[in-house]
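Notes follow once the structure below has been shown.
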């Protein structure tokens, strides 16, 4: 028996143990730093924090076991000089990787207040933008130099223990040691469930970044009926038709009283989708910083939808909602789906009726598959690669300064107006994004700045754009929609913190639409049908969104999501559909920050399933390539 024990305690196991302990130390240090960085935001008791640390330590064990497992293989190789020499550079790479990922987690947490998730996975695909953003936001050279120095120090400290472990008695060592270790790690990984609390912040703090990243990689796209509560398809589609309004699947047929007068010629439409423009930044919604004077003015002079919510936390979700009027699907946005062709969108609907649709992006449209998606939906696409020479005087890794983007828009719209056809233009801005850099002398907050500077500059650029547009002959016959893609942050104590989804939406057309404030609870997916109604047109039958102006107050609802959690907000009740067919229901506080668990409401649960399962069915029947349109 003692010989068997000594066999298991040979060099491979000893080196594995040392490297696993090193990983554990880095994990614990990372969690401590994340907590220290966000202690004020956590709003947790000491017992809750200790619980998060304790559970997090348990979750670190399988992650450390798996990360260190390759050392078992290495130490089982035949003894040779080349192996002994190779051990040290491999150890250096291992240590540097652990430290680099830890620092990356800190940067990611600073931006999103969550462990690695689908966003991190997506960002790996778009390294140019992401690395550029990091380089412009953080002292990368100093960070890397510091990590290299720390790596060398750690390797120096470990050199003797690792050497002693590697030189230990090898008697009784067998390859099944590796299987044992991997088996343990796999079982522990499966047992380390991600949630232990009703508080989302605490759950994130207790998680392990390596674990959450691997989980995201596994679940990038989730089949709704496989993972979520479902009902018979026929019942779902019948409910969806009822919930989406009279007629087909959601349309508005009658003329709007809100329209002062409809011009003889069909109006142009310009959508300005503002990067990360949370409603909380505007004085209209109580902000006292005075950083959105132009948007606040437009809110008074236009049609303000004061109770409207984003569908998600990333730009692609906003683009999906505005273009396709579909509830969000778990996993990746449809904008990221490959081979989506002829999808029913706002652009294709208007193109069939004589409008010229454009998508204009201040950055590089290969990011998040934007160019491919919009080009396949009948839009003419303009991105950074084709901006006019000499027009761009300032840009960062995400794209050109918003003022230069709008200069390009004005030039393109002049050309479209000259054709005599109405135009439809969907604009996506970039300036209100880390690293928050912009041209000097525009606002009273120097660049580079924090979020407030990004918001104020974005607002400045919008005010400048409107003043220039007013000089154009096509202005009086143009309907503008200013709306955010998502909020600036998605962190909160609840699974879906409602206040982190509240966004401004302003329809501005002083010669066409009277100023008013619409209080109906609504979703981003409702804006496309509402715009079509303003134009006197029916929405596409596959649009699930509704004309907000035709919704009774009691019909108001919002659809919100993370990558896995699907929320249905009606009144003050939030129904959340989760993987493994779980359903949770909460009473939401007036400020949207607190959520009190309550018994599931079957009526609301059925409505939530109808929206999300119904959208999945529409996409299934539509086909990945849109061929069954």
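Numbering (my numbering), first residue to last: 127 to 755. Ideal Cβ positions, reconstructed from N, Cα and C, are used throughout, including at glycine.
- Between residue 431 and residue 631, the gap from beta carbon to beta carbon is short of 8 Å.
- As computed with DSSP, residue 648 is found in a beta bridge with 434.
- Around the Cβ of residue 208, a 10 Å sphere holds fewer than 16 other Cβ atoms; the residue is exposed.
- Between residue 292 and residue 510, the alpha-carbon positions lie close to 54 Å from each other.
- Exclusion of the five residues before and after residue 420 leaves 585, 586, 588, 589 and 592 as the residues of its chain whose Cβ lies within less than 8 Å of its Cβ.
- For the pair residue 609 and residue 399, the CB atoms are nearer than the 8 Å cut-off.
- Here the alpha carbon of residue 739 sits roughly 23 Å from the alpha carbon of residue 724.
- In terms of Cβ geometry, residue 425 and residue 613 do not form a close pair [threshold 8 Å].
- Counting C-beta atoms within 10 angstroms of its own C-beta, residue 580 has 16 or more neighbours from the protein chains shown and is therefore classed as buried.
- The Cβ atoms of residue 595 and residue 648 do not sit closer than 8 Å to each other.
- The Cβ-Cβ distance between residue 518 and residue 512 does not fall below 8 Å.
- Between the beta-carbon of residue 487 and that of residue 554 there is about 5 Å, and that keeps the pair under the 8 Å contact cut.
- In the three-state reduction of the DSSP assignment, residue 163 falls in the helix class, which pools H, G and I.
- Between residue 629 and residue 328, the C-beta gap is not smaller than 8 Å, which leaves the two residues out of contact.
- Look at residue 474 here: in three-state DSSP terms it is helix.
- Here residue 693 carries a strand assignment [DSSP, helix/strand/coil].
- Here the alpha carbon of residue 481 sits roughly 5 Å from the alpha carbon of residue 548.
- Taking 8 Å as the cut-off, the Cβ atoms of residue 550 and residue 663 do not count as close.
- The continuous beta strand (DSSP E) containing residue 687 extends over residues 684–687.
- Residue environment analysis places residue 275 among the exposed positions, since fewer than 16 neighbouring C-beta atoms fall within 10 angstroms of its C-beta.
- The Cβ atoms of residue 721 and residue 745 do not sit closer than 8 Å to each other.
- In the three-state reduction of the DSSP assignment, residue 541 falls in the helix class, which pools H, G and I.
- Residue state for residue 394 is assigned as strand, using DSSP reduced to three classes.
- Boundaries for residue 441: no beta strand (DSSP E) harbours it, while the alpha helix (DSSP H) harbouring it runs 441–450, taken from the DSSP string.
- For residue 588, there is no enclosing beta strand (DSSP E); the enclosing alpha helix (DSSP H) covers residues 577–595.
- Comparing C-alpha distances from residue 180 to each of 334, 416, 407 and 194 shows the shortest one belongs to 334.
- Within the same chain, Cβ atoms closer than 6 Å to the Cβ of residue 718 are found at 624 and 625, the five residues on either side in sequence being excluded.
- Closest option to residue 546, judged by alpha-carbon separation, among 703, 234, 393 and 266: 393.
- Each residue's CA atom was taken as its position, placing residue 646 and residue 697 some 10 Å apart.
- Rounded to whole angstroms, residue 686 and residue 237 show a C-alpha spacing of 20 Å.
- When C-alpha distances from residue 489 are compared across 469, 210, 465 and 520, the shortest belongs to 520.
- Counting along the chain, residue 367 sits inside the alpha helix (DSSP H) bounded by residues 359–369.
- Shown here for residue 220: same chain residues with a beta carbon closer than 7 Å to its own, the five before and five after excluded, namely 145 in chain order.
- Around the C-beta of residue 257, fewer than 16 other C-beta atoms lie within 10 Å, and the residue is accordingly described as exposed.
- Going by beta carbons, residue 499 and residue 466 fall inside the 8 Å limit.
- For residue 655, the enclosing alpha helix (DSSP H) covers residues 653–660.
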